[in-house]
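Report on the following structure.
Residue numbers (the working numbering), protein chains in the order written: chain A, 111 to 491; chain B, -15 to 248.
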């Protein structure tokens, strides 16, 4: 099959007595002379009418699957229309054998299931049911971790300390730089906005209060949690989803190692211990950022800023921030693990799991923060 | 072992139907796996052998039917009891399913660390032994991703044997292995059964190993979704009238005939 000039494929139907002859000529090379359409095949068979359809290949030049696909369409069409028999004795033996293989394959795949088309109402209903089930499962996971965490801490679960330490290292130490950058910049931004507004009233010193309360009570916990949702929650989901795809989770189960103890608990413990530490670190960097910008843009002394800051940020603010960061840590880890464990078994599912873990983590953190704010407001703290 | 013991069934499957949603893979399977036998689950590709195996080890809950392990209903047992029952199993899945974030040695060691009270040096010795049994003693420090497909399979086999299971399940243990290694695996499986008294359930396509080691089995048909033959692969080869079973077994006979023809 070299690159010489090719003759376009031709086919003619001739009636000879009771028989019909399908005469094939020219070169039937799929990539170079094209593939005939099903309509061509249909027309050929319809033209042939009833009786035996003999295929004559005397004029046939070069051929490849371009010929086989045409013959297959002719054969299938002839089979659908009753009363036509195909005599393919003259077809090259190799082509006949290929055709025979496709016959075996089609008969084996008969009875493949049909994809049912669902209406919008059905799909909406299914989504609602799925969402309800999802909420139930997520709640069960929260409950399970509350029950199993003390067991694990007592060393009686199938959780390895070495895993917890390694995960804590990855989540904690690895995130120092990005947590510093985010919180430092948020501190800067708060100080800038505060300075511009407060200066008009000659109340520049209150920038210290703004930066202090906003960072310690809200921003450091939320920003750190969002960073961790993107960095660690997504990684947990992707890791566990990949394990799911490789049947590694099944392997754990067959050994009687509960995936919850072995995979979920270490991650929850790691994030729940690391998140408050990162929060404190984020606070420190954020306050430093606010301090630097405050001193640079306003006409106040360093000691005045620090004294004001000290008065503004009571221990209570730190307590609120710490409680939040604990909750955020558990939320991000559980969302990542839950979504990873529920993922399907393909590469696309890994990507989807990572995406939804990040989205669920970020939305969850913000929603939970709103809930905290409402609660602390109601309690007057 | 006494004569009576060898007639006991370790696993009993009653009216088992496995399905994914509405797509029924196999229906109404009933069979027993005798103690100390090497039981083959046979059938063409895609007929649901691995799915049936998954139902037998409890990874997939059957649509209907029960699986009894030593006379105990697996599905009806609570989660805690199920985990205990599972500990008698050792499972080699089709893809190997090594834990990819651990080295081969750690993969074999993890079940030992989790379920035994051995110290680190005993675990090390056991891991070396299991890896040596499958010819991988030098790969203990490698990550699964650094191994070839066949090596991964063997490492997974070593892991399945880590806890010396009573009932090992092997899903295509010798697929993708060269004939020599494959032969060695057959010897190992025979040794597990006759020497250590294990009851082996094996899914395989490899006709030579089927005939060489399996003394009982079931043939699943993908078209009808039912079991169509029951018995030792050798006797199915010689005396089964079913055309599908015959075609499956004949392929091997023709191949050996051809080999004999060129050899002499």
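We put the beta carbon where it would ideally sit given N, CA and C, even for glycine.
These numbers come from a predicted model, not from an experiment.
- For residue 84 of chain B, the chain A residues whose C-beta falls within less than 8 Å of its own C-beta are 352, 353, 356 and 358, listed in chain order.
- Within the same chain, and ignoring the five residues on either side of residue 408 of chain A in sequence, the residues whose Cβ sits closer than 6 Å to its Cβ are 305 and 314.
- For residue 41 of chain B, the C-beta contacts it makes with chain A under 7 Å involve 364, in order along the chain.
- DSSP, reduced to helix, strand and coil, places residue 161 of chain A within a strand of the structure shown.
- Sorting A/430, A/299 and A/196 by C-alpha distance to the C-alpha of residue 486 of chain A places A/430 at the top.
- When the Cα atoms are used, residue 357 of chain A and residue 79 of chain B turn out to be separated by approximately 8 Å.
- As a beta-bridge residue in DSSP terms, residue -4 of chain B pairs with B/16 and B/52.
- Comparing alpha carbon positions, the residue from B/97, B/222, B/165 and B/95 closest to residue 116 of chain B is B/165.
- Against residue 81 of chain B, the close residues of chain A are 356, 357, 358, 360 and 361, in the order they occur along the chain (beta-carbon pairs closer than 8 Å).
- Rounded to whole angstroms, the separation of the alpha carbons of residue 103 of chain B and residue 177 of chain B is 28 Å.
- When beta bridges are read from the DSSP output, residue 91 of chain B appears opposite no residue.
- The stretch 181 to 265 of chain A contains, as complete alpha helix (DSSP H) runs of 4+ residues, the segments 203 to 219 and 230 to 263 (chain order).
- Under the 10 Å beta carbon count, residue 169 of chain A is surrounded by fewer than 16 other beta carbons and is classified as exposed.
- Between residue 3 of chain B and residue 9 of chain B, the gap from beta carbon to beta carbon is short of 7 Å.
- Per DSSP, the continuous beta strand (DSSP E) segment holding residue 75 of chain B begins and ends at 73 to 76.
- Within a 10 Å sphere around the beta-carbon of residue 354 of chain A sit 16 or more other beta-carbons, which makes this residue buried.
- Taking 8 Å as the cut-off between beta carbons, the residues of the stretch 88 to 110 of chain B near chain A are 94, 95, 97, 98 and 99, in sequence order.
- Nearest CB-CB separation between residue 71 of chain B and chain A: below the 7 Å threshold.
- Here the C-alpha atom of residue 276 of chain A lies approximately 13 Å from the C-alpha atom of residue 269 of chain A.
- Residue 268 of chain A reaches chain B at 98, counting residues in chain order whose Cβ is nearer than 8 Å.
- For residue 26 of chain B, the beta-bridge partners assigned by DSSP are B/203.
- Relative to residue 165 of chain A, the option among A/294, A/175 and A/206 whose CA is nearest is A/206.
- When 8 Å is used as the limit between beta carbons, residue 29 of chain B is near no residue of chain A, the shortest such separation being about 10 Å.
- Residue-level contact by beta carbon holds for residue 67 of chain B and chain A, with a gap shorter than 7 Å.
- Within the model, the alpha-carbon separation for residue 444 of chain A versus residue 320 of chain A is close to 33 Å.
- Non-local C-beta neighbours of residue 120 of chain B in its own chain, meaning closer than 6 Å and more than five positions away in sequence, comprise 138 and 139, ordered along the chain.
- The shortest C-alpha to C-alpha distance from residue 337 of chain A to any of A/122, A/478 and A/287 is the one to A/287.
- Only those residues of the stretch 364 to 379 of chain A whose C-beta falls short of 8 Å from the nearest C-beta of chain B are listed: 364, 365, 366, 367 and 368.
- Only buried fits residue 187 of chain A, as 16 or more other CB atoms lie within 10 angstroms of its CB.
- The Cβ atoms of residue 469 of chain A and residue 380 of chain A do not sit closer than 7 Å to each other.
- B/219 is the residue among B/219, B/128 and B/108 whose C-alpha sits nearest the C-alpha of residue 202 of chain B.
- Here residue 189 of chain B carries a coil assignment [DSSP, helix/strand/coil].
- For residue 120 of chain A, the beta-bridge partners assigned by DSSP are A/135.
- The three-state secondary structure of residue 313 of chain A, taken from DSSP, is coil.
- A Cβ-Cβ distance of about 7 Å is found for the pair residue 453 of chain A and residue 460 of chain A, placing them in contact under the 8 Å criterion.
- For the set A/126, A/160, A/426 and A/375, the Cα lying nearest the Cα of residue 254 of chain A is the one of A/375.
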